[in-house]
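When the letters of the sequence shown are read in order and numbered with this note's numbering, they come out as residues 1281 to 1431.
Ideal Cβ positions, reconstructed from N, Cα and C, are used throughout, including at glycine.
None of the values given here were measured: they were computed from a predicted structure.
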Amino acid sequence: MTELNIRVEDKRWQKVIQAPKRWLNQVIMLIQSHHPELSPIALTVLLSTDEHIQNLNHIFCGKNMPTNVLSFPASEPGYMGDIILALETCVRESQLEGKPILNHATHLLVHGTLHLLGYDHQNDLEAKAMENMEIELLQKLDIPNPYKDHA
């Protein structure tokens, strides 16, 4: 059985994503259409803050600074993992890049989910494969290529 959980830790996210559960379902169903082996799926998304994600980034990645998204693969069978998005970084990046905040948050959710599927960007070949998959998935959601030059 598919089990998608979303927690809104910071109420300011409600201005960005009006219907978080519907948003999560839409994105994950699209990813499942490209990865049928993901059915069923269990996943948790936390819409959080820079402060919280900075703490996690420091503990788990050794980087004492906020980041836009972190993914934590699960070790238990049947549970894919956890994805955390940081509000302030997401807002700042979308403003700097001239993108709608919802589009950027959706890109980060896709990016984080692909990490849980084993995609990575440790070298140019991996990065290109991951970017191409992100572009393809986002296009199906009517979101422009996030890697094109910014306005």
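Going by C-alpha positions, Asp1362 is about 23 angstroms away from Arg1372. By the Cβ test, the region 1382 to 1397 is in contact with the region 1412 to 1419, since at least three Cβ pairs between them sit closer than 8 angstroms. Per the DSSP secondary-structure output, Ile1286 pairs in a beta bridge with Val1325. Contact between the region 1331 to 1347 and the region 1295 to 1309 is absent: fewer than three C-beta pairs spanning the two stretches fall below 8 angstroms.
Under a 10 Å Cβ-count criterion, Thr1393 is classified as buried, with 16 or more other Cβ atoms of the shown protein chains found around its own Cβ.
Out of Arg1292, Leu1389 and Leu1376, the CA that lies nearest to the CA of Ile1423 is found in Leu1389. Ala1354: not part of any beta strand (DSSP E); DSSP gives it neither H nor E. For Ile1423, the three-state secondary structure derived from DSSP is coil.
Leu1326 places its beta carbon less than 8 angstroms from that of Glu1289.
Relative to Leu1323, the option among Glu1406, Ser1355, Glu1411 and Trp1293 whose CA is nearest is Ser1355. For Ile1364, the enclosing beta strand (DSSP E) has its first and last residue at Gly1361 to Ala1366. Under the DSSP assignment, Arg1302 falls in the alpha helix (DSSP H) whose first and last residues are Pro1300 to His1314. Judged by their CB atoms, Leu1397 and His1338 are not nearer to each other than the 8 angstroms cut-off.
Counting only the Cα atoms, Thr1347 lies some 10 angstroms from Glu1368. By the criterion of a C-beta distance shorter than 6 angstroms, Arg1287 is surrounded in its chain by Leu1326, once the five residues flanking it on both sides are discounted. Secondary structure at His1401: coil, using DSSP grouped into helix, strand and coil.
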